[in-house]
Amino acid sequence: MKTRLSRQTWTWLIAGLLCSIAQAWTAEPGAAAFTRNCAQCHGNSPEAVGTQQLGRTRGKDKALLVGRKDLPKEYVRAVVRNGLKAMPSFTPAALTDAELADIAAYVTR
Ligand code: HEC
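Per this note's numbering, the very first residue in the sequence shown carries number 97; after that it's consecutive.
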């Protein structure tokens with residue numbers, strides 16, 4: 097009985113894997129940028145100060161940024177560029193307009 101996979105089988109497996117990664121990546125370009133720039137404060141954890149603060153001041157259902165349907169994209173962009181209380185601002189050098197547009201679309205989708 098042959099137990100090792102042939103080289104061709106491996107090639108197909110790896111090609112399939114790469115395709116699904118590429119698909120996930122292009123489907124939500126804002127997700128990766130959100131993870132890099134915002135998740136440490138707006139993720140789903142007790143250490144995430146943004147999530148905690150929004151839960152206290154806006155209400156439990158508004159604690160998590162991702163999935164908020166009440167925030168206009170323009171507002172998200174303005175908060176990120178200007179900062180808000182404990183939240184620092186992000187310059188275009190730190191976060192490009194394109195990345196910010198992707199993040200705003202991801203958060204409010
Ligand atoms: C260092 C922590 C920190 C980081 C990093 C951070 N935030 Fe915040 N964010 C906060 C805090 C704290 C608040 C609550 C401000 C307040 O008290 O009004 C907040 C509030 C906000 C609000 C206002 C929500 C509302 O209901 O009014 C938006 C929008 C927002 N953040 C978006 C982002 C995005 C997008 C990123 C990433 C580009 C980000 N934040 C990164 C800490 C952070």
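Where is the CB? At the ideal position from N, CA and C, for every residue including glycine.
Next on the checklist: Closer than 8 angstroms is the cut-off here; do at least three beta carbon pairs connect the region 175-191 with the region 103-116?
Outcome noted: With a cut-off of 8 angstroms, the region 103-116 and the region 175-191 do not count as touching, because too few Cβ pairs lie within range.
Checklist entry - Can you give the Cα-Cα distance for residue 161 and residue 112, rounded to whole angstroms? => result If I take the Cα positions, the gap works out to 33 angstroms.
Next on the checklist: Going by DSSP in three states, residue 109 sits in which element: helix, strand or coil?
Outcome noted: In the structure shown, residue 109 sits in a helix (DSSP, three-state: H, G or I).
Next on the checklist: Taking its Cβ as the centre, do 16 or more other Cβ atoms sit within 10 Å of residue 202, making it buried, or is it exposed?
Outcome noted: Residue 202 is buried by the Cβ-count criterion.
Item to check | Coarse secondary structure for residue 196, derived from DSSP in three states | outcome: Residue 196: helix per DSSP, three-state reduction.
Item to check | Same chain, Cβ closer than 8 angstroms to residue 184, five either side skipped, listed in chain order | outcome: Same-chain partners within the cutoff: there are none.
Item to check | Cβ-heavy atom distance, residue 151 to the ligand HEC, below 7 angstroms | outcome: No, Cβ of residue 151 sits at least 7 angstroms from all heavy atoms of the ligand HEC.
Checklist entry - With 16 as the cutoff for other CB atoms within 10 Å, does residue 163 come out buried or exposed? => result Label assigned to residue 163: exposed.
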